[in-house]
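S.K.: I'd like to ask you about the structure that follows.
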Amino acid sequence: MAEQIPTVEMDKIVSLARRRGFIYPGSEIYGGISGCWDYGPLGVELKRNIRQAWWQSMVRERDDIVGIETSILMHPQVWVTSGHIERMVDPLVECKNCHLRYKADDLQGNRCPSCGGEFTEARMFNVMFKTFIGPVEDSASVVYLRPETAQGMFVNFDNIVQSTRKKLPFGIAQQGKSFRNEITTGNFIFRSREFEQMEMEFFVKPGTDEQWFEHWVQERFNWFVKLGIKREHLGLNEHSKEKLAHYAKRCIDITYLFPHGWAELEGIANRTDFDLKQHSQGSGKTLDYYDDETKEHYTPYVIEPAVGVDRSLLAFMCDAYEEEPDKEETRVVLHFHPALAPIKAAILPLSKKENLSVFAKDVYKDLRPHLAVQYDDTQSIGRRYRRQDEVGTPFCVTVDFQSLEDKRVTIRERDTMNQIRVPVAELRRTLTAKLEGEDILVLPPGGEVWKIERGDKKQ
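In terms of this note's numbering, the sequence shown opens at residue -3 and continues consecutively.
As structure tokens, then:
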């Protein structure tokens, strides 16, 4: 992989995220809590859009994948059987002087980066959060907050086969919260203690697993490119045999050039038949598959693409961020793909005068049931354009005094800053078509037909 310099500094992303209501520090008025973040009005919309784009690609557009939503709390034996109790550990060291603790694998030297003190010997620390079910806090009531969503799909394998009658190959997809008591967090939302995952377990016949593994690596790589991530900012990193997880035959990470350098964005693993066999043995419930064609029973192999919503959001924000010279100032733009943009269009009346405001609010009310739109009438029109650029709004709709006479408004595009004037009656159809990247026809006052293609006007 060629050495590259990140295109944006993390401080700029953190500042914009907080200023514009994407992400706030968790419990900030009490001094915050390490590794926990709150998502603001634009952040929840962006997260929702990322989840929806993943669900659309992985479930809605396919016949061979179904969705599920499993409990965060699971029987504690699940984590014994899966190997998490024994193996989900990190080496922990503590500074003898300031008593700060670090994950040993993250340290560059043998001295505390905070005070320069010496470290204790490393000891292993399980990163799963432990809690209790019921009023008595004893060993019999111990449960864990799940560190991944995958196990909920494995233990429901037989339920899905029986209720859906799916034939191999097929997948089970899930989105949901996971929790890991990370020793060290950092790089904004890249590594946190509470996060959201999007995982899919794709069950295949043994012997076809390598073919499906390569398929899903390519599918998932292309998903990020389709949603606007620059191809040169993505990479593939295959784990060496020494670094493979205990359940994996192969694992390839899709990496991204974050502000702190190249790091994992999504992992695709060939988990073999490890999980189903383990849970069959641990539960006493046979989790195999009967193949109608070959008339044989066997345990499927599993290909798992697993990605974090929060980490994806950070990558999409970083890749969309751009600073452009604009007269004496700098124009900050988030070039979000329209499918991800928290606000699809902003309605901007040129003036607060009552007759214009009433007309503009009617335009806004007509669009609101169909698109994520925002009404903004504060400050100058130029400042409002810049404000919408900074949060990634693809289109601004300006309502001026001429609009009262000709019942037309001006659509201004974020990326090109081109403007077209369209009838209010055609506004929703026009915006919808442009958000979907379609060519559209607009009838100007003269009556002739103009073809508008991504903002370029052609007669």
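Here a beta-carbon is modelled for each residue, glycine too, at the ideal position from N, C-alpha and C.
Use the C-beta contact count for V74: other C-beta atoms within 10 angstroms, 16 or more gives buried, fewer gives exposed.
M.R.: That one is buried.
S.K.: Take the Cβ of P365 as the centre, count every other Cβ of all protein chains shown within 10 Å, and call the residue buried at 16 or more, exposed below.
M.R.: Classification for P365: exposed.
S.K.: Which residues bound the beta strand (DSSP E) around R173?
M.R.: It should be noted that the sequence gives Lys, not Arg, for residue 173. Its beta strand (DSSP E) spans residues F166 to F175.
S.K.: Give me the DSSP bridge partner(s) of E5.
M.R.: For E5, which the question treats as bridged, DSSP gives no partner whatsoever.
S.K.: Would you check if there are 3 or more beta carbon pairs closer than 8 Å linking the stretch 182 to 191 to the stretch 156 to 163?
M.R.: Touching, no, given that fewer than three Cβ pairs across the two stretches are closer than 8 Å.
S.K.: For R15, which residues from the same chain have a beta carbon less than 7 Å from its beta carbon, with the 5 sequence-adjacent residues on both sides left out?
M.R.: Cβ within range, chain order: n/a, list empty.
S.K.: With A316 as the anchor, note down where its alpha helix (DSSP H) starts and where it stops.
M.R.: Note, A316: alpha helix (DSSP H), V305 to A316.
S.K.: On a CA-only basis, which of P109, G105, T3 and R142 is nearest N122? Give me that one, please.
M.R.: The option with the nearest alpha carbon to N122 is R142.
S.K.: Under the assumption that V395 contacts P345 (Cβ atoms under 8 Å), give the Cβ distance between them as a whole number of angstroms.
M.R.: 5 Å between Cβ atoms; contact.
S.K.: Between the C-alpha atoms of L12 and D385, what's the straight-line distance to the nearest angstrom?
M.R.: Taking the straight line from one Cα to the other gives about 12 Å.
S.K.: With a CB to CB cut of under 7 Å and the five nearest residues on each side skipped, what residues in its chain are close to M54?
M.R.: Closer than 7 Å at Cβ, skipping near neighbours: I61, A169 and M196.
S.K.: Helix, strand or coil, according to DSSP, for D102 in the structure here?
M.R.: Three-state result, D102: helix.
S.K.: Note down the Cα distance separating S353 from T406, rounded to an integer number of angstroms.
M.R.: C-alpha separation (whole angstroms): 15 Å.
S.K.: Thinking C-alpha only, which one of G148, A342 and R189 is nearest G63?
M.R.: Considering only alpha carbons, the answer is G148.
S.K.: Would you decide whether M313 is buried or exposed? Buried here means 16 or more other CB atoms lie within 10 Å of its CB.
M.R.: With 16 or more other Cβ atoms within 10 Å, it is buried.
S.K.: Looking at the unbroken beta strand (DSSP E) that takes in M54, where does it start and where does it end?
M.R.: Premise fails: M54 is in no beta strand (DSSP E) and is neither H nor E.
S.K.: Counting pairs of beta carbons, one from the stretch 278 to 293 and one from the stretch 25 to 37, are three or more of them closer than 8 Å?
M.R.: Flag = no, the stretch 278 to 293 and the stretch 25 to 37 do not touch.
S.K.: With respect to the beta strand (DSSP E) encompassing E206, which residues constitute its N-terminal and C-terminal limits?
M.R.: Unbroken run through E206 is the alpha helix (DSSP H), D205 to K222; no beta strand (DSSP E).
S.K.: To the nearest whole angstrom, what separates the beta carbons of V359 and I343, a pair I think is in contact under 8 Å?
M.R.: With 8 Å as the limit, V359 and I343 qualify as a contact, their Cβ atoms being about 6 Å apart.
S.K.: Could you pull out every residue in the same chain whose Cβ sits closer than 6 Å to the Cβ of F125, ignoring the five residues on either side in sequence?
M.R.: Result list for F125: L141, F175 and N177, in chain order.
S.K.: Can you tell me whether L336 is buried or exposed? The criterion is at least 16 other CB atoms within 10 Å of its CB, across all chains shown.
M.R.: Looking at its Cβ environment, which holds 16 or more other Cβ atoms inside 10 Å, L336 is buried.
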